[in-house]
Amino acid sequence: MHTQEPAPTSNSRYGPFKARFSSSESASQHRKEATRFDRKPYRSPDTDYTISEVEKDRLYHVERVYNAMTCGDAARDNKGSIAMKRWVHGAYYESTLVEAYAHKVLDCLLLQAKEGFRGWVHNDYVADDRKGDDEDRDVTCEERLESILCALQEEKTICEDVMNSACQIRMFVNAPKAYANRKYQNRVGNSKRGRNKDSDPANRPSKTHAFDSKANHASCHHFNEPKPDSHHHLC
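My numbering numbers the first residue of the sequence shown as 7 and each following residue consecutively.
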């Protein structure tokens, strides 16, 4: 056991360490509360009846997320990208892990709808006029889920983000349209710099969505079908 206190950090603009938290749990709770920055849900949970509907059919919607991640039919990523290799040309991750992360996506969606976005200000695409999209703000929980499904189906780099960072998942579910558009802009920028010759500027993320879960969207049709009697892969 150390009896000597660590030497204070020199030339730091931050205050000294003060042992503010008595346990890992209290530190974790503070992180979760502080990084919400007093944000509220864009739409009051009291008026969004779709939250309870998504919760009621949880397993069905988790399966939709899983299918959107693992289906390669509508993938728009560059042909030689790591994301395409891992999600379309091969199965890099264990299916059980992908399914577990599909649950995480739905968890983050429901927390977003009930409590609002939790994350750093610079990661809030909805609040950033340069990146945001009003369609990411003025939507129900179910409508946000439809945007999430479409983005996962079209942008496999987002699936990579989902598997790598809870912070990235929260950023994504907060602004799925803006997040997908950012991936598109990065792809076009890389192409212009000559790093990815196979990038197709025409592969712009879908801007319009039929938010009715029973409607068929032109490019995101696999996961907007009525709830089946039994679970099965829709891709």
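Even for Gly, the Cβ is constructed at its ideal location relative to N, Cα and C.
Under the three-state DSSP convention, the category residue i falls into
i: N180; result: helix
i: S160; result: First, the amino acid is wrong: residue 160 is Glu here, not Ser. Correct three-state label for E160: helix.
i: E11; result: coil
i: N81; result: The sequence as given places Ala at residue 81; Asn does not occur at that position. Correct three-state label for A81: coil.
i: G195; result: helix
i: V145; result: coil
i: E152; result: helix
i: F23; result: coil
i: Y55; result: coil
i: D140; result: helix
i: R188; result: helix
i: D167; result: helix
i: A172; result: helix
Nearest residue (CA-CA) to residue i, options the options
i: L65; options: R82, R193, A106, S50; result: A106
i: H128; options: E11, F43, Q10; result: F43
i: N192; options: I164, V179, R176, N170; result: I164
i: L115; options: S28, F27, W93, D142; result: D142
i: T76; options: D144, A157, C173, N196; result: A157
i: P182; options: G195, N196, V194, D167; result: D167
i: A25; options: P12, G96, S16; result: P12
i: N73; options: W93, I88, D54, L117; result: W93
i: D113; options: S30, S16, F178; result: F178
i: A186; options: I154, N196, M169; result: I154
i: D144; options: D54, S30, S32; result: D54
i: K62; options: Q174, E148, T41; result: E148
i: E100; options: D140, D52, M169, G195; result: M169
i: V194; options: N84, G21, D52; result: N84
i: Q118; options: I88, P47, S87, Q159; result: P47
Cβ pair residue i, residue j closer than 8 Å
i: K162; j: A81; result: yes
i: A254; j: K110; result: For the chain, the structure presents residues 7 to 241; residue 254 sits outside this window and is missing.
i: V68; j: L151; result: no
i: R176; j: K38; result: no
i: N180; j: V132; result: yes
i: H36; j: F23; result: no
i: R19; j: T146; result: no
i: V71; j: A97; result: no
i: W126; j: T41; result: yes
i: G122; j: R199; result: no
Boundaries of the alpha helix (DSSP H) in which residue i is found, first to last residue
i: H109; result: 101 to 121
i: A133; result: Run containing A133: none; DSSP gives neither H nor E here.
i: V245; result: The question about residue 245 has no answer, for the chain in this structure spans 7 to 241.
i: R92; result: 88 to 93
i: S4; result: Residue 4 cannot be examined here, being either before or after the span of the chain that is shown, 7 to 241.
Near the ligand MG: residue i beta-carbon under 7 Å from a heavy atom
i: K62; result: What this structure holds is no ligand at all, so the ligand MG is not there to describe.
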